[in-house]
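A.B. asks:
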Amino acid sequence: MSYDRILIDQGRIIDPANNVDAVAPLYIAGGRVVALGRAPDGFEPDRVIDARDRLVCPGFVDLCARLRSPDVEDADAEFAEYRAAAAGGVTTMLCPPDGSLVIDSPAVVRLLREQAQNAGLGKVLPTGALTRGLNGQDLSEMGALQQAGCLAVGNGDAPVANALVWRRALEYAGFHGLLVIARPEDVSLKGDGCVHEGWVGSELGLPGIPACAETVALAQLLALVEQTGVRVHVNRLSTARAVDMLALAQAQGLPVSADIAIHHAHLTEAAVGNFDANAHAVPPFRTVDDRAGLIKGLSQGVICALCSDHHPLALDARQDAFQATLPGLASLQMLLPLALRLVEENEVTLSRAIALLTSGPAGVLGIEAGTLTPGVSADVCVIDSGREWTVNESFWLSCGRNTPYWNKAFKGLVTHTLISGRLASEL
Amino acid sequence: MIRDIQFDDAGRLRHFLTLEGLAPALLYRIMDTAESFVSVTDRQIKKVPLLRGKTIVNLFFENSTRTRTTFELAAKRLSADVLSINIATSATSKGEGLLDTIWNLQAMHVDMFVVRHAHSGAAHFIAQHVEPHVSVINAGDGRHAHPTQAMLDMFTIRRIKGDFTPLSVAIVGDILHSRVARSEIHALKILGVSDIRVIAPPTLLPGGIEQSGLRVFHDLDAGLRDVDVVIMLRLQRERMSGTFLPSKQEYYLRFGLTEARLRQARPDAIVMHPGPINRGVEIDSRVADGVQSVILQQVGYGIAIRMAILSMAMHSGDAAAAAREAS
């Protein structure tokens with residue numbers, strides 16, 4: 045149901061972008077935040093959301109979510125991932141270019157935006173392909189992609205042929221003022237690896253991906269950023285060493301930012317210890333020390349965002365031996381509970397956790413989102429942080445069941461999600 | 438844990454997927470049972486009726502002659518009906534998924550699958566999806582495990598050396614890609630061997646080996662010093678050039694087992710090899726055929742060990758079937 049004026053009353057408002065952490069009413073009208081604290085003159089709400097004992101914060105901005113549905117012919121499932129996003133508190137999503145459709149032409153960008161419009165749920169920002177057809181060789185028509193609405197370009201998980209192509213791509217993207225998103229991985233060092241190269245993978249006899257597959261590629265990327273001066277966001281880091289390298293680069297003034305996938309803040313190589321294909325991730329889950337390094341990066345500000353790295357997969361994609369399964373986790377609805385678990389484990393403060401889901405990623409894209417500043421689009425979520433729930437059919441909306449957390453209990457549930465002032469999800 | 442699904446509710450062996458986590462008593466029981474089958478192979482009529490009426494399917498997704506033959510012989514000597522399917526030329530090449538293949542065969546009232554697969558964890562995956570009365574035996578999965586091979590090697594060692602605890606055992610060669618080595622390391626640890634050494638160039642050692650508690654050597658002479666057992670691994674020819682090794686000649690120069698090198702080991706040391714052997718690459722013919730070699734004994738004991746494991750696992754399947762009928 046649509047309401048023009050909404051009052052979210054008595055909630056604890058956390059808006060890290062404005063350093064706000066206070067119990068106060070939030071006023072929404074005409075799809076925008078109009079005030080916080082004091083009611084605007086003559087404000088008469090059509091709807092009051094009682095947020096007593098709840099958190100109220102900006103809608104989450106997710107820098108990596110694939111909205112491809114594993115059952116594309118199922119009309120009912122068509123918008124499942126959008127519904128999952130809304131239920132998870134995610135209001136803006138950046139789609140990597142390597143989903144079911146390669147985002148390398150304005151037509152595909154328009155198609156994705158139309159699909160999002162039809163869903164009427166989350167805001168979708170397609171990432172344009174860095175190279176044509178993600179072939180890693182030929183630059184895409186970045187100018188046209190930008191005109192069609194892309195804010196960023198990247199090659200997703202597809203490799204870029206060599207350092208020269210990277211250099212030219214950075215220079216050309218920089219010329220358009222486009223953000224470049226890169227996931228550093230040296231494909232020759234990765235080989236046929238499917239888990240972290242360490243004793244757990246060795247014991248299981250699974251081919252490993254060494255940590256240096258990430259750091260070697262990151263070192264090359266940082267050298268190219270230094271050379272070109274083009275702004276790069278590093279997507280889904282997995283190693284402690286990479287965090288250190290990034291910290292150094294940032295200290296030297298290089299324009300680089302980074303995120304990690306939420307599950308990498310929790311899981312280590314041990315997660316695959318029973319050939320559990322639901323822990324088949326890209327990049328792989330690494331060591332206890334790597335996890336500690338990632339968390340240090342989160343708390344110290346080297347890493348500015350947590351993304352879902354949502355990748356829904358059909359059941360068939362997991363019905364095989366580990367190595368033969370497709371990697372990826374369905375995780376849009378895990379962003380909040382896993383972020384709150386970090387707070388519970390004293391790894392980050394509540395304010396920092398919310399910042400990593402809101403103002404941090406919005407800042408990377410330079411968009412007006414991830415904040416409750418009066419005047420901005422009212423993308424808001426209301427959270428019952430103490431609510432216990434189990435990851436099961438009752439709550440799960442994604443078509444993909446590919447999560448190691450299935451049937452596991454969590455605390456923290458989004459009770460209301462507003463997108464442009466409209467209730468997109470309500471428990 | 439993988440070992441949890443290896444046992445039925447009564448704690449009996451149901452699947453045989455890995456040696457990791459198994460108790461020493463079980464390994465000894467397998468070897469004791471195998472002892473009783475050794476004499477069967479010496480009889481004029483080499484058969485016992487233990488698995489009469491049972492159907493065992495050898496499901497080989499990866500080529501193998503030796504292992505498939507010994508499993509087939511073991512099953513036949515237990516009087517089971519055996520079906521060997523070369524998957525490379527059957528349903529999966531027509532696009533059928535792994536589970537559909539298994540479920541179709543299961544619908545034909547199969548009692549046991551013996552599985553070889555190029556992917557680590559494949560046997561474990563199949564074991565998770567078969568009906569309660571069906572057993573799965575791992576005949577080698579990727580780089581992960583080859584538990585029956587390791588057990589026949591342990592059986593060979595026990596027959597010749599007796600007690601495991603005072604032994605020094607060296608495993609030489611391509612540890613990185615070897616499922617045999619992984620299973621042998623588990624077996625040796627379980628049986629109390631305190632000095633387990635791996636000898637290989639760094640390119641053929643798995644990541645994280647330093648966490649394994651094994652002694653790692655890159656020098657064959659140093660690694661063989663005073664060992665009681667030398668287990669040579671097959672070096673796949675495709676690994677002899679390019680990124681792993683420069684050439685088979687250079688490998689033989691540094692890691693080939695010659696008579697001179699073997700003299701570093703104890704005089705009564707035995708030389709083992711899971712086969713097939715590459716003469717002049719990982720082992721010199723004079724050593725392979727020499728008095729210290731027990732390679733052919735290993736092959737013979739392979740049938741007895743596999744008879745033991747098939748019969749023990751089938752016993753659990755019988756219990757499951759009986760419970761099903763009773764209910």
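Heads up: the protein sequence lines correspond to chains A and B, in order.
Residues 45 to 471 in our numbering are what the first sequence spells out, letter by letter.
Residues 438 to 764 in our numbering are what the second sequence spells out, letter by letter.
For every residue, glycine included, the Cβ atom is placed at its ideal position computed from N, Cα and C.
Since this is a predicted model, take the numbers as computed values, not measurements.
Thinking C-alpha only, which one of D90/A, R76/A and D53/A is nearest R82/A?
C.D. replies: As a first step, residue 82/A is located in the first sequence; it is residue number 38 there, counting from the start. Among D90/A, R76/A and D53/A, the Cα nearest to that of R82/A belongs to D53/A.
A.B. asks: Around the Cβ of E437/A, are there at least 16 other Cβ atoms within 10 angstroms (buried) or fewer (exposed)?
C.D. replies: Within the first sequence, residue 437/A is the residue found at index 393, counting from 1. The residue in question, E437/A, is exposed, as its Cβ has fewer than 16 Cβ neighbours within 10 Å.
A.B. asks: What does a CB cutoff of less than 7 Å around P140/A pick up in its chain, not counting 5 residues either side in sequence?
C.D. replies: Taking the first sequence and counting its residues from 1, one reaches residue 140/A at position 96. Here the set comprises C108, R110, T171, G198 and G200.
A.B. asks: At which residues does the alpha helix (DSSP H) containing E388/A begin and terminate?
C.D. replies: Counted from its first residue, the first sequence places residue 388/A at position 344. Looking at the DSSP string, the run of the alpha helix (DSSP H) that includes E388/A is L379 to E388.
A.B. asks: Relative to the C-alpha of S343/A, which residue among V287/A, G465/A, Q159/A and R91/A is closest?
C.D. replies: For this step, residue 343/A is matched to residue 299 along the first sequence. Looking at the Cα atoms, V287/A is the closest of the given residues.
A.B. asks: Using the Cβ count rule (16 or more neighbours within 10 Å means buried), how would you classify L292/A?
C.D. replies: As a position in the first sequence, residue 292/A is number 248, starting the count at 1. So L292/A ends up on the exposed side.
A.B. asks: Would D10/A be called buried (16 or more neighbouring beta carbons within 10 Å of its own) or exposed?
C.D. replies: Residue 10/A is absent from the structure shown; chain A starts at 45 and stops at 471.
A.B. asks: For A364/A, return the contacting residues in chain B, with the cut-off set at a CB-CB distance below 9 Å.
C.D. replies: Residue 364/A sits at position 320 when you count from the first residue of the first sequence. Just to set this straight, residue 364/A is Asp in the shown sequence, not Ala. Correct list: G534, L535, L536, H556, A559 and F562.
A.B. asks: With a threshold of 7 Å, establish whether the CB of T506/B neighbours any heavy atom of the ligand PLP.
C.D. replies: Absent from the structure shown: the ligand PLP. Ligands present: none.
A.B. asks: In this structure, does DSSP put A129/A in helix, strand or coil?
C.D. replies: On the first sequence, position 85 is the one that residue 129/A refers to. DSSP places A129/A in helix when its eight states are reduced to three.
A.B. asks: Using alpha carbons as the reference points, say which of G458/B, V736/B and Q729/B lies closest to I598/B.
C.D. replies: Your numbering for residue 598/B matches position 161 in the second sequence. The question names Ile, yet the displayed sequence has Lys at residue 598/B. For K598/B, the nearest C-alpha among the options comes from Q729/B.
A.B. asks: Is it a yes or a no for the stretch 443 to 451 of chain A touching the stretch 306 to 325 of chain A, going by three-plus beta-carbon pairs under 8 Å?
C.D. replies: Short answer: they touch.
A.B. asks: Kindly indicate which residue of V635/B, G610/B, L641/B and I740/B has the alpha-carbon position closest to the one of I714/B.
C.D. replies: Position 277 of the second sequence, counted from the start, is the residue given in the question as residue 714/B. Minimum Cα distance to I714/B is reached at G610/B.
A.B. asks: May I have the straight-line CA-CA distance separating A564/B from I72/A, to the nearest angstrom?
C.D. replies: Here residue 564/B is taken as the residue at index 127 of the second sequence, counted from 1. Here residue 72/A is taken as the residue at index 28 of the first sequence, counted from 1. The alpha-carbon atoms of A564/B and I72/A are separated by roughly 56 Å.
A.B. asks: Distance check for A217/A and R176/A, CA to CA, integer angstroms please.
C.D. replies: Numbered from 1 along the first sequence, position 132 holds the residue referred to as residue 176/A. Numbered from 1 along the first sequence, position 173 holds the residue referred to as residue 217/A. Their backbone Cα atoms lie some 14 Å apart in a straight line.
A.B. asks: Locate the alpha helix (DSSP H) running through E270/A, then write down its first and last residues.
C.D. replies: Sequence index remark: in the first sequence, residue 270/A carries index 226 (1-based). First-last of the alpha helix (DSSP H) with E270/A: C256 to T272.
A.B. asks: Note down, in chain order, every chain A residue with its Cβ under 8 Å from the Cβ of A582/B.
C.D. replies: Counted from its first residue, the second sequence places residue 582/B at position 145. Under the 8 Å cutoff, chain A gives G249.
A.B. asks: Can you give me, in chain order, the residues of the stretch 606 to 623 of chain B that have a beta carbon less than 7 Å from any beta carbon in chain A?
C.D. replies: The residues in question are R616 and R619.
A.B. asks: Could you compute how far the alpha carbon of P486/B sits from the alpha carbon of M744/B?
C.D. replies: To locate residue 486/B, count along the second sequence from 1; it is residue 49. To locate residue 744/B, count along the second sequence from 1; it is residue 307. Answer to the nearest angstrom: the Cα atoms are 12 Å apart.
A.B. asks: Would you give the residue range spanned by the alpha helix (DSSP H) that F219/A belongs to?
C.D. replies: Indexing the first sequence from 1 puts residue 219/A at position 175. It spans A207 to H220 - the alpha helix (DSSP H) in which F219/A sits, taken as one unbroken run.
A.B. asks: For the beta strand (DSSP E) containing N541/B, name the first residue and the last one.
C.D. replies: Indexing the second sequence from 1 puts residue 541/B at position 104. No beta strand (DSSP E) holds N541/B; the alpha helix (DSSP H) holding it covers L535 to Q543.
A.B. asks: List in chain order: all unbroken beta strand (DSSP E) runs of 3+ residues lying wholly within the stretch 391 to 447 of chain A.
C.D. replies: If we require 3 residues or more, the beta strand (DSSP E) runs fully inside the stretch 391 to 447 of chain A come out as 424 to 434.
A.B. asks: Cα separation between A284/A and D428/A?
C.D. replies: Counted from its first residue, the first sequence places residue 284/A at position 240. Counted from its first residue, the first sequence places residue 428/A at position 384. Spanning the two alpha carbons is a distance of roughly 32 Å.
A.B. asks: Can you check the stretch 124 to 180 of chain A for any beta strand (DSSP E) of at least 3 residues that lies completely inside it and give the ranges in chain order?
C.D. replies: Runs of the beta strand (DSSP E) inside the stretch 124 to 180 of chain A: 134 to 139 and 167 to 170.
A.B. asks: Inspect the CB distances between the stretch 59 to 69 of chain A and the stretch 295 to 315 of chain A and report whether three or more fall short of 8 Å.
C.D. replies: These segments do not touch.
A.B. asks: I'd like the list of long-range same chain contacts for D665/B, defined as Cβ closer than 6 Å, with 5 residues on each side in sequence excluded.
C.D. replies: In the second sequence, counting from the first residue as 1, residue 665/B sits at position 228. Result list for D665/B: L604, S605, R703 and A706, in chain order.
A.B. asks: Nearest to G717/B by alpha carbon, out of G727/B, M709/B and Y688/B?
C.D. replies: Residue mapping note: residue 717/B aligns to position 280 of the second sequence, counting from 1. When each option's Cα is compared against that of G717/B, the closest is Y688/B.
A.B. asks: Just checking my contact of L195/A with L169/A at CB under 8 Å: how many whole Å lie between their CB atoms?
C.D. replies: Taking the first residue of the first sequence as 1, we reach residue 195/A at position 151. Taking the first residue of the first sequence as 1, we reach residue 169/A at position 125. About 6 Å separates the two Cβ atoms, so the contact holds.
A.B. asks: Taking the straight line between their C-alpha atoms, what separation do you get for R671/B and G737/B?
C.D. replies: Residue 671/B sits at position 234 when you count from the first residue of the second sequence. Residue 737/B sits at position 300 when you count from the first residue of the second sequence. Rounded to whole angstroms, R671/B to G737/B spans 19 Å at the Cα level.
A.B. asks: Name, going along the chain, the residues of the stretch 339 to 366 of chain A whose beta-carbon falls closer than 9 Å to a beta-carbon of chain B.
C.D. replies: The stretch 339 to 366 of chain A vs chain B, Cβ under 9 Å: D360, Q363, D364, A365 and F366.
A.B. asks: Report yes if the CB atom of L350/A is closer than 8 Å to the CB atom of L401/A, and no otherwise.
C.D. replies: Taking the first sequence and counting its residues from 1, the one referred to as residue 350/A is at position 306. Taking the first sequence and counting its residues from 1, the one referred to as residue 401/A is at position 357. Yes, they are a contact pair.
A.B. asks: Check whether the Cβ atoms of H581/B and E499/B sit closer than 8 Å, and answer yes or no.
C.D. replies: Reading the second sequence from its first residue, position 144 is the one you call residue 581/B. Reading the second sequence from its first residue, position 62 is the one you call residue 499/B. Taking 8 Å as the Cβ cut-off, H581/B and E499/B do not qualify as a contacting pair.
A.B. asks: Under 8 Å: do the stretch 405 to 423 of chain A and the stretch 141 to 161 of chain A share three or more Cβ pairs, one atom per stretch?
C.D. replies: Contact between the stretch 405 to 423 of chain A and the stretch 141 to 161 of chain A is absent, because fewer than three Cβ pairs lie under 8 Å.
A.B. asks: Just list the residues that DSSP pairs G198/A with in beta bridges.
C.D. replies: As a position in the first sequence, residue 198/A is number 154, starting the count at 1. In the DSSP output, where bridge partners are listed per residue, G198/A has A173/A and I225/A.
A.B. asks: Could you please give the first and the last residue of the uninterrupted beta strand (DSSP E) stretch that includes A79/A?
C.D. replies: Position 35 of the first sequence, counted from the start, is the residue given in the question as residue 79/A. Segment R76 to L80, the beta strand (DSSP E) holding A79/A.
A.B. asks: When the cut-off is 8 Å and only beta carbons count, does Q701/B lie next to chain A?
C.D. replies: Within the second sequence, the letter at position 264 stands for residue 701/B. Cβ-Cβ to chain A under 8 Å: no for Q701/B.
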